[in-house]
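First the structure, in the form of structure tokens, and then the observations on it.
There are 2 protein chains.
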Amino acid sequence: MPRPANPIAPQPQPAAKSSAPRGAARRDCIVDAALVVIGRVGPDALTHRLVAAEAGVPLAATTYWFASKEALILEAFAHAARRDIAQLERETAEAADWTSADAAGHLARSMRASLTEHRTRTVVDYGLWVEAARRPALRPVADAWSRACQAFFATILEAIGGRRSEHDARLLTAAFDGLLMDQLASDHPDDEARLTAVLERLLGAFAG
Amino acid sequence: MPRPANPIAPQPQPAAKSSAPRGAARRDCIVDAALVVIGRVGPDALTHRLVAAEAGVPLAATTYWFASKEALILEAFAHAARRDIAQLERETAEAADWTSADAAGHLARSMRASLTEHRTRTVVDYGLWVEAARRPALRPVADAWSRACQAFFATILEAIGGRRSEHDARLLTAAFDGLLMDQLASDHPDDEARLTAVLERLLGAFAG
DNA sequence: GTCGCTTCGGTACATCTGTACCGAAACTGT
DNA sequence: ACAGTTTCGGTACAGATGTACCGAAGCGAC
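In the order they appear, the protein sequences are chains L and D.
Quick note on numbering: the first sequence equals residues 39 to 246 in the numbering used here.
Quick note on numbering: the second sequence equals residues 39 to 246 in the numbering used here.
In structure tokens, the structure reads:
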């Protein structure tokens, strides 16, 4: 079938893998490739062949390590969540030392990074959210990520002298996520200065 | 080109009714069906056959009215955004009369409805956001929706005596959206009382 | 070495896909 | 009435898809 001109059409990958990993390492490699594909074309447009090409492994390897496409997608999302939760926990440890003066700046830089260097990862994360709305199997994964985010913002709240409130941590999380999603989907994202100003106002509204 | 390059809306139907919609009405019918399909399986898993079955029209009708699957998806998202922006504008008019005492309750009921009766519509809306992150063609649509949301919350802010701040309206919008997305993807969504409490705190942080 | 396992990779196949095609039907203005 | 255009709907088709299959290759225990 002559495929339409798809603006997000997958790029053919040169598959430059000189030393193809073997055994369980290959499984991880396939999961990573699946995440790249999901970031590029979305979970529903993912195909075994796309993933195999991205990972530089033969087609059969994807069906050997995963019972079905469904299982591969689930595992990929779970892997992404695990990885990003671990990263968030590291940032949470750092955030304990933030002050009211620099917290907004730190958050703005973090958001900026999510929009540029880590854009693919960010798109996958929010794709997970929407997908979890459709597939109950993904909801525990989404919930775990949500809890990690709230712990992160609870730490920030404490650092800047906000009240120790579960509601407040949830609202900060929601506002940050909403802002990030908006920036991600916008044609005219803000620069870092403006982002910092908005985040300063947000923290100001919940501090002291 | 065997097909019309530019199908303009034909004249309205005469009084005689038929079971299957014809003409431009059929086009709308296909768009609506596409939205249902997108809500159920996501935009990438949408197929012409799924849409045709949902709309109750022959397969060829979908390719007659839309140049490609891509065009159908774009039109469906644009239609959803237009419809939901119109609804939001109606609610904005109502919100001008809200008071500090009942604003949170109104918002909680609205969120509850988005999670239950209008769940499919909500999933489509947030799917649009994620999809816009991937496809630039959808970003103007996402931006328009974002602006409508901010106007809604700016009105609420004014009604409850908050400061007239662009930042605040954005932050309220982001927090509401983030909260709604979280609820949508969660296995344990809050009941209306808890939702009201959280939203009361949110409005309280930005009022006065 | 031989055995029993996991892993690998090429290929086959039924099914589904987007969309092109074409004759018929319905509608249009005259 | 007529001719011209738009709409309709059944079908055709090449290519993509998920996954089954099967023989070969690795590898640790003996």
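Each residue gets a CB set at the ideal place from its N, CA and C atoms; glycine is no exception.
If distances are taken between C-alpha atoms only, which option among the options comes closest to residue i?
{"i": "D:Gln221", "options": "L:Asp225, L:Leu209 and L:Leu97", "result": "L:Leu209"}
{"i": "L:Met149", "options": "L:Gly61, L:Gly216 and L:Tyr102", "result": "L:Gly216"}
{"i": "D:Phe104", "options": "D:Val168, D:Asp66 and D:Arg147", "result": "D:Asp66"}
{"i": "D:Thr154", "options": "D:Ala245, D:Asp228 and D:Arg60", "result": "D:Asp228"}
{"i": "D:Thr158", "options": "L:Ser152, L:Arg172 and L:Leu218", "result": "L:Arg172"}
{"i": "D:Ser152", "options": "D:Leu218, D:Glu238 and D:Pro59", "result": "D:Leu218"}
{"i": "D:Thr130", "options": "D:Ala192, D:His156, D:Trp167 and D:Ser138", "result": "D:Ala192"}
{"i": "L:Ala207", "options": "L:Arg232, L:Leu241, L:Ala182 and L:Phe115", "result": "L:Leu241"}
{"i": "L:Ala109", "options": "L:Asp82, L:Ala124 and L:Glu127", "result": "L:Asp82"}
{"i": "D:Leu195", "options": "D:Thr137, D:Ile123, D:Asp122 and D:Asp70", "result": "D:Thr137"}
{"i": "L:Tyr102", "options": "L:Ala189, L:Gly77, L:Arg64 and L:Ala186", "result": "L:Arg64"}
{"i": "D:Gly77", "options": "D:Gln125, D:Val162, D:Ala91 and D:Ile123", "result": "D:Val162"}
Roughly how many angstroms separate the alpha carbons of residue i and residue j, rounded to a whole number?
{"i": "D:Asp225", "j": "L:Pro178", "result": "7 Å"}
{"i": "D:Thr160", "j": "D:His86", "result": "23 Å"}
{"i": "L:Arg147", "j": "D:Gly165", "result": "26 Å"}
{"i": "L:Pro40", "j": "L:Ala72", "result": "Interpretation of L:Pro40 is limited by its pLDDT of 40, a score under 50 that renders its predicted location unreliable; the figure taken from the coordinates is listed afterwards. Taking the straight line from one Cα to the other gives about 25 Å."}
{"i": "D:Leu145", "j": "D:Ala119", "result": "20 Å"}
{"i": "D:Ala62", "j": "L:Val79", "result": "32 Å"}
{"i": "D:Ala170", "j": "D:Ser184", "result": "12 Å"}
{"i": "L:Phe9", "j": "D:Pro59", "result": "Residue coverage of chain L in this structure runs from 39 to 246, which leaves residue 9 of chain L outside it and unanswerable."}
{"i": "D:Ala116", "j": "D:Thr100", "result": "17 Å"}
{"i": "D:Glu127", "j": "D:Ser106", "result": "32 Å"}
{"i": "D:Ala114", "j": "D:Asp70", "result": "7 Å"}
{"i": "D:Ala231", "j": "D:Glu238", "result": "10 Å"}
{"i": "L:Gln125", "j": "L:Arg202", "result": "23 Å"}
{"i": "L:Glu132", "j": "L:Ile198", "result": "13 Å"}
{"i": "L:Ala47", "j": "L:Ala91", "result": "Any answer about L:Ala47 is weak, because its pLDDT of 35 lies below 50 and its placement is not dependable; what the coordinates show is given next. One C-alpha to the other measures close to 14 Å."}
{"i": "L:His156", "j": "L:Ala182", "result": "20 Å"}
{"i": "D:Arg121", "j": "L:Arg121", "result": "38 Å"}
State the start and end residues of the unbroken alpha helix (DSSP H) segment that holds residue i.
{"i": "L:Asp70", "result": "Ala62 to Val79"}
{"i": "L:Leu84", "result": "Looking at the DSSP string, L:Leu84 is not in any alpha helix (DSSP H), and its letter there is neither H nor E."}
{"i": "L:Leu242", "result": "The question names Leu, yet the displayed sequence has Gly at residue 242 of chain L. Per DSSP, L:Gly242 belongs to the alpha helix (DSSP H) from Glu230 to Phe244."}
{"i": "D:Glu132", "result": "Lys107 to Ala133"}
{"i": "L:Asp220", "result": "Glu204 to Ala223"}
{"i": "D:Asp163", "result": "Arg157 to Arg172"}
{"i": "D:Pro178", "result": "Arg177 to Ala197"}
{"i": "L:Ser138", "result": "Counting along the chain, L:Ser138 falls outside any alpha helix (DSSP H), and DSSP gives it neither H nor E."}
{"i": "L:Thr154", "result": "Counting along the chain, L:Thr154 falls outside any alpha helix (DSSP H), and DSSP gives it neither H nor E."}
Below 8 Å on the Cβ atoms is my guess for residue i versus residue j; work out the distance and round it to an integer in Å.
{"i": "D:Ala180", "j": "L:Ala223", "result": "4 Å"}
{"i": "L:Arg175", "j": "L:Leu84", "result": "The amino acid at residue 175 of chain L is misidentified as Arg; the sequence shows Ala. About 16 Å separates the two Cβ atoms, so there is no contact after all."}
Inspect the beta-carbon positions of residue i and residue j and report whether they are closer than 7 Å.
{"i": "D:Thr234", "j": "D:Gly143", "result": "yes"}
{"i": "L:Val75", "j": "L:Val95", "result": "no"}
{"i": "D:Ile68", "j": "D:Ala93", "result": "yes"}
{"i": "L:Val168", "j": "D:His205", "result": "no"}
{"i": "L:Ala243", "j": "D:Ala243", "result": "yes"}
{"i": "D:Gly200", "j": "D:Ala139", "result": "no"}
{"i": "L:Ile123", "j": "L:Ala189", "result": "no"}
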